[in-house]
Amino acid sequence: MRPKRLWRALAIYLFVIPAMIPMTLIVGVPLVQTIFFSFTNLHEKNFSLWTLGLAPAEGNTAGCDAGARARVEKGGPAARAGMTDDCCVVEINGETVRSSPALRRLLGKAQREFLNKKISAVDIAYQLAGDASPRHASMKFDRQPFDWSVNPDRNRSTWGMVGWRNYRDILVPGNEAGGTPTFYRILGITALWTFINVALHYIIGLGLALLLNRNVPGTRFYRVLLLLPWAVPVYVSAFSWRWLFNNQYGFINVILRKLSVSPVPWLSDSLWTFVAVTVTNVWLGIPFMMVSLLAGLQTIPGDLYEAAEIDGCTRWQMLRTITLPLLRPVSLTIILLGAIWTFNMFNVIWLVQGGGNMVEILATYAFRLFRDNQDYAGAAAYGTIILLLLLIFSMFYLRIIRRGEQTV
Amino acid sequence: MKLSLFDKIVTHLLLLLAVCAAVFPILWIVSTSFKERNDVYQTTRIELIPPKPSLDAYREVLTMNNGIFMRWFANSVMVAGVTALIGVLLAAGAAYAFSRFKFRGKRPMIFFFLLTQMFPGAVLLVPLYFLLARAGILGTFTGLILAYSTVGLPFGVWMLKGYFDTIPQTLDEAGIVDGLSLFGVFWRIVVPLSLPGIAVTAFFTFLTAWNEYMFALAFMTGEQNYLLPVGMAAAFGDQYQTFWSLMAAASVLTTLPVLIVFVLAQKFLVGGLTQGGVKG
Chain Y
20 MRPKRLWRAL
30 AIYLFVIPAM
40 IPMTLIVGVP
50 LVQTIFFSFT
60 NLHEKNFSLW
70 TLGLAPAEGN
80 TAGCDAGARA
90 RVEKGGPAAR
100 AGMTDDCCVV
110 EINGETVRSS
120 PALRRLLGKA
130 QREFLNKKIS
140 AVDIAYQLAG
150 DASPRHASMK
160 FDRQPFDWSV
170 NPDRNRSTWG
180 MVGWRNYRDI
190 LVPGNEAGGT
200 PTFYRILGIT
210 ALWTFINVAL
220 HYIIGLGLAL
230 LLNRNVPGTR
240 FYRVLLLLPW
250 AVPVYVSAFS
260 WRWLFNNQYG
270 FINVILRKLS
280 VSPVPWLSDS
290 LWTFVAVTVT
300 NVWLGIPFMM
310 VSLLAGLQTI
320 PGDLYEAAEI
330 DGCTRWQMLR
340 TITLPLLRPV
350 SLTIILLGAI
360 WTFNMFNVIW
370 LVQGGGNMVE
380 ILATYAFRLF
390 RDNQDYAGAA
400 AYGTIILLLL
410 LIFSMFYLRI
420 IRRGEQTV
Chain H
68 MKLSLFDKIV
78 THLLLLLAVC
88 AAVFPILWIV
98 STSFKERNDV
108 YQTTRIELIP
118 PKPSLDAYRE
128 VLTMNNGIFM
138 RWFANSVMVA
148 GVTALIGVLL
158 AAGAAYAFSR
168 FKFRGKRPMI
178 FFFLLTQMFP
188 GAVLLVPLYF
198 LLARAGILGT
208 FTGLILAYST
218 VGLPFGVWML
228 KGYFDTIPQT
238 LDEAGIVDGL
248 SLFGVFWRIV
258 VPLSLPGIAV
268 TAFFTFLTAW
278 NEYMFALAFM
288 TGEQNYLLPV
298 GMAAAFGDQY
308 QTFWSLMAAA
318 SVLTTLPVLI
328 VFVLAQKFLV
338 GGLTQGGVKG
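From first to last, the protein sequence lines stand for chains Y and H. With my numbering, you'll find the first sequence wraps up at 427, consecutive numbering, no jumps. With my numbering, you'll find the second sequence wraps up at 347, consecutive numbering, no jumps.
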C-alpha cells in the first residue's frame, strides 16, 4: 500500500511539472530578471549593443560619406583598438556600412551572433579623418563587470545597481514643466481606460447573453456571428478599425461628411483617439464576456423563473433577485480577468494608432521607454510597478468578494 | 419564460443590430480588398459592394517578391500548429492536476499563473531575448514556439480546468476501481470526455501564436523567417503609410483559415466554451 501511495503523490506532480518547467524558465526567470533590472542602470550606454564601445553618431564627416560616423567611447574596446572620436566605420564583418541606421543594425546583428556563440569577435574596417585607406581591427566583445555597490550615477558607463533610483524618478514628481507628472497622468488614463472598457464589455456582454438565452429561433446563427470578432486576428481587427477611423478615406468620416457633419480627427487628436481605441477594444472584448455569461445563465434552473412569475415578479425584479446573484461567481472571475487584461492591453492601443502615441497606457509607455530611449531599466521599473498595482488591486478585489460572500 | 410576439421581435431586432456591429468591420475589409485602387481612396462615396470588383490586390499580395507571402503563411501555420499541439499537451496535464488533486504547492502555482497575466508582456521581451540567445535558439522557430506555447499556457490551463471540473469525479473513481492508473484515468476517461474543451483550448492556443506580433518582430530576422503579422506590417503599412487595399487583401487571406475552422467547428467550439471554461 505504501509505495502505491508514494507513486500516486509522484504521479500528481508528473502532471504539473511539464507545464511548470517552461513556465518557470520562459516566463518566471525573465520576470525575476526584469524586476532585478529595475534596480540597475541598464539603459542606452550600458545596453549591450554598445558593448563594443561604438555608437552610431548622426551626420557624416568629410571624406567619410560612404560610411557611418561613429562615436567612440573613451576607454572602451574601440578606443583601445586605436579608433578615435571621429571615425568612420566602413565595414563590419565584411558587410559595407552605408549609414548610421546600417551601423546600428550591423552592430545589433554582430551582437546577436555573438550571443548565439557564432562569433567571438567583430572585424571592423574603419577610416580616420585624413587616412587614405581603411584600417582593420578585430575587437572582442566587452563583458563589463557588474557593479554590485549602489551607484547613484546613472550616466556612468559601468553598469550596476542604482537602488531605488529608477522608482524615485518615476514616482516622485520631478521638475517637469508644469502639469501632472508623466506617471500619474498615464496611470489616470490607464485606470479610466480599464474602467470604461470592462464596464462596457460586461454590460453589453450581459445584455447579449440575456437575449441569446431567450432561445428565439436562429439563436445559434446569431451566436456564431456575435463571436466572430474573437476569431479574427487582433492585428487584423486593429487594422480594420484603423481603416474605418481613417481621417480621409475612413468609412466613419465619409458617413459624417454625407450627413454634412464635419469629419472627426479620429487618430490625430488625443480625445478622439481614446474614443477610437475604446470602441475597438469594446468590440474585441464583448464575445469573451458574452460567452462566459451565457454559460453561467444556462446553469440557472428555469423553474426559478417560473416560480417568480407565479409570484408576480416583474422582469426587472427577476433580473435583480435571481439572475444577477446567481451569475455572481462567473461575473466576479471574468471581471477580474478582464480588468487585468485590459490594464495591459498593449496590442489594441499600439496597433490601432499604428505605433502612434496619442493615447498611452502604462504598458505602451513602458515599451516606448525601452524602444525609443533604450531605457530598459526604466521600462523594467514601469513593468514592476504595473505588476504591483494589479496585485494590490486583485487582493482588494478578492477581499471584497469574500466579505460579500460572508454577509450574503 | 414565455415571450410575447413583441418580445420576440425586439429580441430579433436587438440581436440583428449587434450582429451588424460585430460583422461590419470584417465585411468592410473584405469589401476593400476587392475594390480597385481608385475606389478604395474615396472621400465621399460608400460602397459596400465594389462597383468594379477586382482581384488586383490579391494578385499583388500573392506574387509580391516571388510569392514570399506564401512563405510567411507556411511559417505561421507551422509555428501556430506546433504551438497549439505543445500548449494543449502541457495545459491538459496541469489542468487535470489542478482540477482533481490537492497537493503541496498548488496554491502558489495557481497564484504564479495569475501573476504572469499581470506583467506587461512587452517588458518581458528583453530578458526573453537574451534567454533565447543564450540557449542558442534566438531567431529560430523553435525559440518562438517555446515562447508562444508558454505564454498561452495560463489561459489554456484555466479553460481546461473549468472543463475538467464539469466531468464527475465518480467516473475517475470507477476507473481506478477497474484497475486504471492515474494516467490511465486521465488518458482513457477524462481526455475522451473533454475533447470539445480540448479542441477549444487548442484553437485558442493556435490563435495566440497566429495573432502574436511583438515577439515575432523582435526575435526573427530575415524576410524568409517572418510570420504573417510581421511580414504584413513590414510589407504593407507602418505608422506613416499604409497600402490599404493590399493590407485588406492580406488580412482576408490570414483571417480566412481561422474563420473557416471557427465556422466549421463552431458547434464543437461554442459547446466547449459554454460548458467549461468559465468556472474559475
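Positions of the beta carbon are idealized from the N, C-alpha and C atoms, including for glycine.
Residue 73 (chain Y) sits in a strand when the DSSP states are folded into three classes.
By the rule that beta-carbons nearer than 8 Å mark a contact, residue 292 (chain H) does not touch chain Y.
Counting C-beta pairs closer than 8 Å gives three or more between the region 175-190 of chain H and the region 212-225 of chain H, which meets the contact rule.
The region 406-419 of chain Y makes contact with the region 353-362 of chain Y, as at least three CB pairs between them are under 8 Å.
The C-beta of residue 398 (chain Y) comes closer than 8 Å to at least one C-beta of chain H. Comparing alpha carbon positions, the residue from H:81, H:72, H:102, H:76 closest to residue 242 (chain Y) is H:81. DSSP, read as helix, strand or coil, puts residue 143 (chain Y) in strand. Chain H has no Cβ within less than 8 Å of the Cβ of residue 367 (chain Y).
In the displayed model, residue 155 (chain Y) falls within a strand according to three-state DSSP. Using a Cβ distance threshold of 8 Å, residue 329 (chain H) and residue 210 (chain Y) do not count as a contacting pair. At least one C-beta of chain H is nearer than 8 Å to the C-beta of residue 49 (chain Y). Secondary structure note for residue 367 (chain Y): its alpha helix (DSSP H) is the uninterrupted segment 365-371. Per the C-alpha coordinates, the member of H:194, H:286, H:143, H:138 positioned closest to residue 275 (chain H) is H:143. At least one beta carbon of chain Y lies nearer than 8 Å to the beta carbon of residue 217 (chain H). Counting C-beta pairs with one atom in each stretch, the region 219-233 of chain Y and the region 300-307 of chain Y have three or more that are closer than 8 Å, which means they touch. Only 258, 259, 260, 261, 262, 263, 265, 267, 268, 270, 272 from the region 258-272 of chain Y bring a Cβ to less than 9 Å from some Cβ of chain H. The region 255-265 of chain Y and the region 365-375 of chain Y touch, with no fewer than 3 CB-CB distances between them shorter than 8 Å.
Within the same chain, 306 come within 6 Å of residue 246 (chain Y) by CB-CB distance, once the 5 residues on both sides are set aside. Under the DSSP definition of a beta bridge, residue 91 (chain Y) partners with Y:73.
Look at residue 391 (chain Y) here: in three-state DSSP terms it is helix.
In the displayed model, residue 304 (chain H) falls within a strand according to three-state DSSP.
One alpha carbon belongs to residue 95 (chain H), the other to residue 147 (chain H), and they sit about 27 Å apart. For residue 386 (chain Y), a Cβ of chain H is located within less than 8 Å of the residue's own Cβ. If you check the CB distance, residue 53 (chain Y) and residue 399 (chain Y) come in under 8 Å.
Of all residues in the region 91-114 of chain H, the ones placed with a Cβ closer than 8 Å to any Cβ belonging to chain Y are 92, 93, 95, 96, 99, 107, 108, 109, 110, 111, 112, 113, in chain order. Going by DSSP, residue 108 (chain Y) is part of the beta strand (DSSP E) stretching over 106-111. Around residue 234 (chain H), the same chain offers 257, 260, 261 as residues with beta carbons nearer than 7 Å, after the five sequence neighbours per side are excluded. Membership of residue 246 (chain H) in any alpha helix (DSSP H) is not indicated, and neither H nor E is assigned to it by DSSP. Using a CB distance cut-off of 8 Å, residue 41 (chain Y) counts as an interface residue toward chain H. According to DSSP, residue 114 (chain Y) shares a beta bridge with Y:111. Looking at the backbone, the Cα of residue 336 (chain Y) and that of residue 369 (chain Y) are separated by about 43 Å. In this chain, the alpha helix (DSSP H) harbouring residue 162 (chain H) covers 123-167. The count of Cβ pairs closer than 8 Å, one atom from the region 280-290 of chain H and one from the region 101-116 of chain H, stays below three, leaving the stretches out of contact. With a threshold of 16 other beta carbon atoms within 10 Å, residue 203 (chain Y) falls short and is exposed. Distances from the CA of residue 103 (chain Y) to each of Y:119, Y:128, Y:145, Y:123 were compared; the closest alpha carbon is that of Y:145.
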